[in-house]
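*Asks:* One structure coming up, written as structure tokens, with questions to follow.
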Amino acid sequence: MEINKAELEQFYKLKEIAKTTYERIGSIYCPALKDDIVFNSDGFHHLRYDCHRSERSKQVQKNKFIYFDKAVEILKKTTTIQEYRRSICAVGDCDKNGFHKTKIIEWFGFFAIISFVKCIRINVVVRRIGEGSGKFHFWSVMPFWTLSSNKRVIGSKKIEDE
Numbered sequence: 015m016e017i018n019k020a021e022l023e024q025f026y027k028l029k030e031i032a033k034t035t036y037e038r039i040g041s042i043y044c045p046a047l048k049d050d051i052v053f054n055s056d057g058f059h060h061l062r063y064d065c066h067r068s069e070r071s072k073q074v075q076k077n078k079f080i081y082f083d084k085a086v087e088i089l090k091k092t093t094t095i096q097e098y099r100r101s102i103c104a105v106g107d108c109d110k111n112g113f114h115k116t117k118i119i120e121w122f123g124f125f126a127i128i129s130f131v132k133c134i135r136i137n138v139v140v141r142r143i144g145e146g147s148g149k150f151h152f153w154s155v156m157p158f159w160t161l162s163s164n165k166r167v168i169g170s171k172k173i174e175d176e
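In the working numbering, the protein residues as written are 15 to 176.
In structure tokens, the structure reads:
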């Protein structure tokens, strides 16, 4: 889908606002995790790129930027982890033999309905590399619905992919 010049300018303004806001946060306390969540460069990068390092579409990025402020609010208030995933994943670059180091990575999902009228539910994801020894860091935010007969229906998707 082509994006016109005005929409592209709007996208870049929104991206800059989200980036400035993101960088100012540093970290916040999350009652559900009973710990601080760091807002490092990995999280902002993941808002823009998928797990295969391909740039997300402008529309997907725009949605993530739009709901970012709500994600921060949710993480400051939430007392319950709604979704949890854990996996052994490669981290970092290959060594000289072509092998990757692996670590346990955990994803924690927090859901919130932010508009009943518009049927908008968002999923906020926090990630931790290295189980108990690692620090929690913001990973993603995304609107969370599916379409059925051209109406939004709150749906489900794998937490690691977002």
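Backbone N, C-alpha and C fix where the C-beta goes; we use that ideal spot for every residue, glycine too.
Note that the coordinates shown come from a computational prediction; the quantities given were computed from them, not determined experimentally.
How would you write the range of the beta strand (DSSP E) that residue 140 sits in, first residue to last?
*Replies:* Unbroken beta strand (DSSP E) run through residue 140: 134–143.
*Asks:* At 4 residues or longer, and completely inside the segment 42–85: list those alpha helix (DSSP H) runs for me, N to C.
*Replies:* If we require 4 residues or more, the alpha helix (DSSP H) runs fully inside the segment 42–85 come out as 55–62 and 72–80.
*Asks:* Identify which residue in 139, 156 and 120 has its Cα closest to the Cα of residue 146.
*Replies:* Selected option, being the one with the closest Cα: 120.
*Asks:* Can you give me the start and stop residues for the beta strand (DSSP E) that residue 125 sits inside?
*Replies:* Here the beta strand (DSSP E) through residue 125 covers 115–129.
*Asks:* Use the C-beta contact count for residue 78: other C-beta atoms within 10 angstroms, 16 or more gives buried, fewer gives exposed.
*Replies:* Its Cβ being crowded by 16 or more others within 10 Å, residue 78 is buried.
*Asks:* In the structure shown, what three-state DSSP assignment does residue 22 receive?
*Replies:* DSSP places residue 22 in helix when its eight states are reduced to three.
*Asks:* Should residue 57 be labelled buried (16 or more other beta-carbon atoms within 10 Å of its own) or exposed?
*Replies:* It counts as buried.
*Asks:* Pair every Cβ in the segment 66–75 with every Cβ in the segment 83–103, then say whether three or more of these pairs are closer than 8 Å.
*Replies:* Cβ pair count under 8 Å is below three, so no.
*Asks:* Taking only three categories from DSSP, how would you classify residue 176?
*Replies:* Because the pLDDT of residue 176 is 48, which lies under 50, any placement of that residue in the model is unreliable, and the number read from its coordinates should be weighed accordingly. Correct three-state label for residue 176: coil.
*Asks:* With DSSP run on the structure shown, which of helix, strand or coil describes residue 17?
*Replies:* Here residue 17 sits in coil by DSSP.
*Asks:* Here's a check: name, in chain order, each residue in its chain whose Cβ is nearer than 8 Å to the Cβ of residue 67, leaving out the five neighbours to either side.
*Replies:* Closer than 8 Å at the Cβ level, and outside the excluded window around residue 67, lies no residue.
*Asks:* Going by other Cβ atoms of all chains shown within 10 Å of its Cβ, with 16 needed for buried, is residue 20 buried or exposed?
*Replies:* Per the 10 Å Cβ criterion, exposed.
*Asks:* With distances taken Cα to Cα, identify the nearest neighbour of residue 136 among 115, 83, 150 and 151.
*Replies:* Ranking 115, 83, 150 and 151 by Cα distance to residue 136 puts 83 first.
*Asks:* CB-CB under 8 Å to residue 109, same chain, minus the five flanking residues each way: which ones, in chain order?
*Replies:* Closer than 8 Å at the Cβ level, and outside the excluded window around residue 109, lie 115.
*Asks:* DSSP three-state label for residue 225, please.
*Replies:* Here the chain comprises residues numbered 15 to 176, so residue 225 is not present and cannot be evaluated.
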